[in-house]
Every structure is written in C-alpha cells, then in structure tokens.
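J.:
Residue numbers (full-length UniProt numbering): 1 to 189.
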C-alpha cells in the first residue's frame with residue numbers, strides 16, 4: 001500500500017487508493033492526497049490470491065459453453081500445464097466438466113491416484129497432479145469455473161480450501177457481473 005503524509009497533521013499513513021472516494025487520515029480525519037495507484041483487474045487479483053493461499057502453481061477462470069471451455073483469465077505459469085489465455089478446449093476432455101456434472105469432487109489431491117479419475121477415462125496430463133475447482137454462474141446465465149492446478153500432489157487440500165475458493169468465486173462472479181453491466185451501458189450510449 002502506498003504511504004502518504006497527511007497535509008494537516010503531518011502523520012505518515014497509508015492510502016488504499018480506492019475508486020470510491022478519498023481516504024481519511026486516522027489522526028485528524030483530514031482528506032488524504034490521492035496516489036495514482038493503478039487499479040488491478042479484480043479477476044486477476046482473485047486468481048493471484050487463490051494461487052498464493054492454496055499453494056497451487058497456476059489458477060485460471062474458464063468460461064463453459066455447450067461444447068468447450070474457454071480459458072478467460074490466467075495466473076501463474078499456465079503454459080506448464082499446456083494452457084493459455086484465450087485457449088479453447090473441448091469440454092469432453094476436461095476435468096472441469098466432470099466436476100461440473102458431479103462425477104468428480106471439487107478437490108482432487110492427487111489425480112494420478114484417484115480411482116474416480118481413472119474410471120472416467122479422461123485424458124491425463126502428466127503436468128496436472130492436484131486440482132481444485134469451483135463453478136459459478138453470472139447474472140446473465142454464463143457459466144464459469146475457477147480452478148487451481150499443481151504439478152505435485154497436494155494431500156493437504158481440504159473442504160476448508162474449497163470453502164475459501166467458493167468465497168473467491170463469489171468475488172469473481174460479482175466482478176464478471178459488473179463487467180457485463182459496464183459493457184451493456186457502453187452499448188446503450
């Protein structure tokens with residue numbers, strides 16, 4: 001967070017640079033000067049936080065269509081998993097589809113040793129060893145899945161991690177809804 005000096009009481013404090021108005025000094029309640037802090041994309045922030053807190057190698061947001069998964073946003077070295085932003089993958093070839101349909105759990109600590117994965121006969125990527133994914137739907141009925149991947153097994157992944165990712169997915173859903181509303185308003189003008 002950027003630090004600023006209060007012009008009234010000379011206290012050094014921080015400002016979050018929110019787009020909703022100016023921050024106030026905790027010492028004298030004066031308005032703090034604004035720092036030009038670049039606004040981060042909320043989806044990128046969600047993906048970065050998911051990767052860091054869940055100790056996963058990569059994270060992505062995929063849009064689900066009738067026949068494919070489109071990688072919309074990425075964080076981390078996704079190329080290691082043979083993924084790229086904008087990439088389209090046949091839905092039948094994805095773990096995400098099996099998770100969305102309830103054929104696989106949301107948390108897979110070790111895909112190589114999971115009997116449910118083997119029974120489904122999904123194409124195996126040797127790069128993906130652990131997976132956690134959460135579906136979300138936007139107000140305009142688009143379907144997405146927020147996923148994190150690891151190259152090594154993650155036996156510590158638990159329902160607690162799933163709940164954390166569900167909270168992040170809700171933040172992503174709100175950001176997607178806001179983006180759709182902004183786009184609709186710009187088309188109306």
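Cβ coordinates follow ideal geometry from the N, Cα and C atoms, glycine included.
1) In the structure shown, what three-state DSSP assignment does residue 42 receive?
2) State buried or exposed for residue 12, treating a residue as buried only when at least 16 other CB atoms are found within 10 Å of its CB.
3) How would you label residue 157, buried or exposed, when you count the other beta carbons within 10 angstroms and need 16 or more for buried?
4) From 98, 91, 133, 135, pick the residue whose C-alpha is nearest to that of residue 120; which is it?
5) Identify the continuous alpha helix (DSSP H) that holds residue 96 and give its terminal residues.
6) Any chance you could list the beta strand (DSSP E) runs of at least 3 consecutive residues sitting entirely within the UniProt domain "GAF" (38-187), in chain order?
7) Enumerate in chain order the residues of its own chain whose CB-to-CB distance from residue 140 is below 6 Å, with the five nearest sequence positions on each side excluded.
8) If we ignore side chains and look at the alpha-carbon of each, how far apart do residue 104 and residue 30 end up?
9) What does residue 31 pair with, by DSSP beta-bridge criteria?
10) What residues match up with residue 13 in a beta bridge as DSSP calls it?
11) With 16 as the cutoff for other CB atoms within 10 Å, does residue 190 come out buried or exposed?
12) Please return the same chain residues whose Cβ sits closer than 7 Å to the Cβ of residue 25, not counting the five positions on each side in sequence.
T.: In brief:
1) For the purposes of this step, residue 42 is identified with residue 42 of the chain shown, where counting begins at 1. Residue 42 falls in the helix class under three-state DSSP.
2) Stepping through the chain shown from its first residue, residue 12 is reached at position 12. Exposed, since its Cβ has fewer than 16 Cβ neighbours within 10 Å.
3) The residue labelled residue 157 in the question sits at position 157 within the chain shown. Counting Cβ neighbours within 10 Å, residue 157 comes out buried, since at least 16 surround it.
4) Here the question's residue 120 lines up with position 120 in the chain shown. The residue with the shortest Cα to Cα distance from residue 120 is 98.
5) Position 96 of the chain shown, counted from the start, is the residue given in the question as residue 96. Annotation for residue 96: the continuous alpha helix (DSSP H) segment containing it runs 95-100.
6) Correct list: 58-64, 68-75, 88-90, 130-137, 143-150.
7) Residue numbering aside, residue 140 sits at position 140 when the chain shown is read from its first letter. Cβ within range, chain order: 180.
8) Numbered from its first residue, the chain shown carries residue 104 at position 104. Numbered from its first residue, the chain shown carries residue 30 at position 30. Computed Cα separation, rounded: 54 Å.
9) Within the chain shown, the letter at position 31 stands for residue 31. Paired residue(s): 24.
10) Taking the chain shown and counting its residues from 1, one reaches residue 13 at position 13. Looking at the DSSP output, residue 13 sits in a beta bridge with 4.
11) A question about residue 190 goes unanswered here, because the residues of the chain that appear run from 1 up to 189.
12) Locating residue 25 in the chain shown gives position 25, where the first residue counts as 1. Same-chain partners within the cutoff: 6, 8, 9, 11, 13, 32.
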